[in-house]
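If you're matching them up, the sequences are chains F and C in order. Numbering follows the numbering used here, with no gaps: position 142 of the first sequence is 142. Numbering follows the numbering used here, with no gaps: position 192 of the second sequence is 411. Since the structure comes first, as structure tokens, the remarks are kept for the end.
Protein chains: 2
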Amino acid sequence: MRQHYHEELDDINNCLVEMANSVGSAMSKATTSLLDADIELANLVIEGDEGIDARRENIEQRCFTLLARQAPVATDLRTITAAMRMISDLERMGDLAVHVAKLARMRFPEHTVPQELRPIFLEAGHVAESLVAQTATVIAKLDVEAAAVLEADDDLMDQLHRQLFSELLSKDWPHGMEAAIDITLLGRYYERFADHAVSVARRVVFLVTGEREMHAVHE
Amino acid sequence: MRQHYHEELDDINNCLVEMANSVGSAMSKATTSLLDADIELANLVIEGDEGIDARRENIEQRCFTLLARQAPVATDLRTITAAMRMISDLERMGDLAVHVAKLARMRFPEHTVPQELRPIFLEAGHVAESLVAQTATVIAKLDVEAAAVLEADDDLMDQLHRQLFSELLSKDWPHGMEAAIDITLLGRYYERFADHAVSVARRVVFLVTGEREMHAVHE
Chain F
1 MRQHYHEELD DINNCLVEMA NSVGSAMSKA TTSLLDADIE LANLVIEGDE GIDARRENIE
61 QRCFTLLARQ APVATDLRTI TAAMRMISDL ERMGDLAVHV AKLARMRFPE HTVPQELRPI
121 FLEAGHVAES LVAQTATVIA KLDVEAAAVL EADDDLMDQL HRQLFSELLS KDWPHGMEAA
181 IDITLLGRYY ERFADHAVSV ARRVVFLVTG EREMHAVHE
Chain C
220 MRQHYHEELD DINNCLVEMA NSVGSAMSKA TTSLLDADIE LANLVIEGDE GIDARRENIE
280 QRCFTLLARQ APVATDLRTI TAAMRMISDL ERMGDLAVHV AKLARMRFPE HTVPQELRPI
340 FLEAGHVAES LVAQTATVIA KLDVEAAAVL EADDDLMDQL HRQLFSELLS KDWPHGMEAA
400 IDITLLGRYY ERFADHAVSV ARRVVFLVTG EREMHAVHE
């Protein structure tokens with residue numbers, strides 16, 4: 001019984017890694033749909049969100065079954081708590097990929113992102129992908145060191161976000177208000193995506209080190 | 220034992236109502252700090268967020284204790300699942316109030332919101348307060364009817380949000396890009412706040428009616 005229980009915990013961990021990978025793939029496709037004004041890819045991301053939500057449901061259900069059947073304490077209980085919080089973050093990351101895809105779709109066949117801002121979003125997309133890949137590694141290997149690298153990537157995302165704002169605030173923004181609103185929201189979506197990835201990694205750190213995580217508000 | 224258990228469940232419900240009230244009070248103060256450029260009030264909201272996070276921790280801990288000690292099934296298990304999801308929404312609503320307060324503080328002693336947009340934010344503040352008050356009622360009384368009213372208020376918030384966009388997109392927006400970015404973000408904060416309130420109410424409906432909630436992405 002006890003053996004089966006730890007297998008089930010391992011299995012939940014594998015599902016978390018898979019969910020992180022799905023979310024990373026969604027954001028990666030969303031970025032491409034944005035930069036290529038590819039409406040079919042955008043639709044794929046939007047329709048694919050149900051699958052991510054289903055993964056969340058599945059993991060949550062398994063956590064509850066474990067809680068109900070095994071009444072775990074101490075570390076095992078903390079592992080399950082952490083998993084249940086991580087799926088909230090991961091589901092939200094999937095939603096943010098959908099928001100990006102929807103902005104791509106809304107302006108189709110036009111490009112949502114003006115030509116000279118493409119490099120920033122290309123980079124933001126790369127950073128987002130890298131963050132999710134590292135988050136998946138942190139979950140898979142309970143690797144606290146990798147989590148530190150992840151915080152550095154998050155700083156990079158903040159820097160890109162600031163860069164967007166200075167473009168918007170430059171004296172000769174030529175793209176009008178609609179594009180400015182789109183860019184402001186897109187910047188926020190990528191930044192929030194990164195924040196949630198870091199939040200997932202911090203929960204793993206909390207789990208491994210037993211340190212109390214900071215409940216700082218996302219800046 | 221069983222008696223004590225249901226008392227504990229009721230008590231968790233009371234804590235949820237109190238948490239909703241705290242969040243409502245935070246957003247109400249944040250709106251005032253925004254409209255009056257009141258930096259002291261803004262700071263109160265920002266510093267007060269720890270208290271809201273602590274409420275979340277407390278409720279979560281109690282849920283886990285109940286799960287671990289009682290191994291509830293069926294309705295009781297669903298009640299605890301719902302509570303644990305609701306505290307995520309409520310905590311996030313507190314964060315959004317902080318975001319509003321931070322934008323008020325960032326522009327101090329200037330006003331973040333241009334004079335002619337004040338009525339929209341005043342109204343958004345009222346709708347937010349009303350939404351939270353109703354959410355608290357839905358939780359307290361498990362009142363499915365009240366949840367429907369809440370969805371109507373959410374529509375009102377969406378309408379205010381669209382109104383903001385048309386102000387921004389009007390030909391003669393005279394307040395420059397910085398204000399436009401602030402307004403875009405503020406609009407998003409209030410809209411998300413409303414979405415989370417509706418999400419909390421839907422969980423109660425799900426709980427009461429046993430209907431499967433829709434995992435639609437927030438528009």
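Note that beta-carbon positions come from the ideal geometry of N, C-alpha and C, so glycine has one too. Since the structure is predicted, the reported quantities are computational estimates derived from the model, not experimental observations.
Taking the C-beta atoms as reference points, alanine 366(C) is found nearer than 7 Å to valine 424(C).
Close partners of glutamate 178(F) in chain C (Cβ separation under 8 Å): Leu388.
Using a CB distance below 7 Å, no part of the segment 21-41 of chain F faces chain C.
The distance from the Cβ of arginine 304(C) to that of histidine 415(C) is about 11 Å, inconsistent with a contact at the 8 Å cut-off. At a cut-off of 7 Å between C-beta atoms, alanine 74(F) does not count as an interface residue with respect to chain C.
Chain-ordered, the chain C residues with CB closer than 7 Å to the CB of serine 88(F) read Ser307.
Rounded to the nearest angstrom, the Cβ distance from isoleucine 400(C) to phenylalanine 165(F) is 7 Å, consistent with a contact under 8 Å. Segment contact: the segment 236-254 of chain C against the segment 342-358 of chain C, three or more CB-CB distances shorter than 8 Å; contact assigned. Comparing alpha carbon positions, the residue from Asp38(F), Glu50(F), Thr184(F), Thr209(F) closest to glutamate 145(F) is Thr209(F). Residues of chain F with a Cβ closer than 8 Å to the Cβ of methionine 303(C) are, in chain order, Met84. Using beta-carbon distances, leucine 286(C) counts as an interface residue toward chain F, with a partner under 7 Å. From the listed residues Ala104(F), Glu116(F), Glu129(F), Asp153(F), the smallest Cα separation to leucine 185(F) is found for Ala104(F). In this structure, Cys15(F) is the residue among His99(F), Cys15(F), Asp36(F) with its C-alpha nearest to the C-alpha of arginine 62(F). A straight line joining the alpha-carbon of glycine 48(F) with that of glutamate 40(F) spans about 12 Å.
For leucine 168(F), the CB contacts under 8 Å within the same chain, skipping 5 residues up- and downstream, are Ala180, Ile183, Thr184 in chain order. Per the Cβ contact rule, the segment 332-346 of chain C is in contact with the segment 369-385 of chain C (3 or more Cβ pairs under 8 Å).
Burial check for histidine 225(C): the Cβ neighbour count within 10 Å stays below 16, so the residue is exposed. Between serine 247(C) and alanine 261(C), the CB-CB gap reaches or exceeds 7 Å.
Glutamate 110(F) sits in coil when the DSSP states are folded into three classes, being neither helix nor strand. Around the beta carbon of lysine 360(C), a 10 Å sphere encloses fewer than 16 other beta carbons of the protein chains shown; the residue is thus reported as exposed. By the criterion of a C-beta distance shorter than 8 Å, glutamate 329(C) is surrounded in its chain by Ala256, once the five residues flanking it on both sides are discounted. Nearest Cα to arginine 407(C) within the set Ala316(C), Glu279(C), Gly243(C), Thr300(C): Ala316(C). When DSSP states are grouped into helix, strand and coil, proline 393(C) belongs to the coil group. When secondary structure is reduced to three states using DSSP, glycine 210(F) falls in the coil class, being assigned neither helix nor strand. For valine 264(C), same chain residues with a beta-carbon under 7 Å away, outside a window of 5 residues either side, are Ala245, Lys248, Ala249, Ser252, Ala316, Val317, Ala320 in chain order.
Looking from the CA of isoleucine 278(C), the closest CA among Leu254(C), Glu227(C), Gly243(C), Arg288(C) belongs to Glu227(C). Under the Cβ criterion of 7 Å, alanine 71(F) is counted among the residues facing chain C.
In this structure, the alpha-carbon of aspartate 155(F) lies about 10 Å from that of valine 149(F). Distance between alanine 128(F) and glutamate 151(F), taken at the CA atoms: about 12 Å. In the DSSP assignment, aspartate 154(F) falls within the unbroken alpha helix (DSSP H) covering 144-169. Counting only the Cα atoms, threonine 300(C) lies some 13 Å from arginine 421(C). Residues of chain C with a Cβ closer than 8 Å to the Cβ of threonine 81(F) are, in chain order, Glu279, Phe283. Neighbourhood of threonine 184(F) in chain C, by CB distance below 7 Å: Ile400, Thr403, Leu404, in chain order.
Straight across, the Cα-Cα distance linking serine 389(C) with phenylalanine 108(F) is about 22 Å. Separation of isoleucine 231(C) and glutamate 116(F) (C-alpha to C-alpha, rounded to the nearest whole angstrom) is 52 Å.
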